[in-house]
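I have placed the structure first, in the form of structure tokens, so that the comments after it can refer back to it.
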């Protein structure tokens, strides 16, 4: 476990960063489309 523990921040970061990017990208697209219409 002492070897895996330091890897958790890296794993969480690599997993949550794309998810946050997709969520913000969709929100931005939704707001831009709503503004156009």
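In this note's numbering, the protein residues as written are 24 to 60.
We put the CB at the ideal spot given by N, CA and C, even for glycine.
Spatial distance of residue i from residue j (CA atoms)
| i | j | result |
| --- | --- | --- |
| residue 51 | residue 57 | 10 Å |
| residue 44 | residue 53 | 14 Å |
| residue 47 | residue 38 | 15 Å |
| residue 27 | residue 49 | 33 Å |
| residue 40 | residue 31 | 14 Å |
| residue 34 | residue 55 | 32 Å |
| residue 29 | residue 36 | 12 Å |
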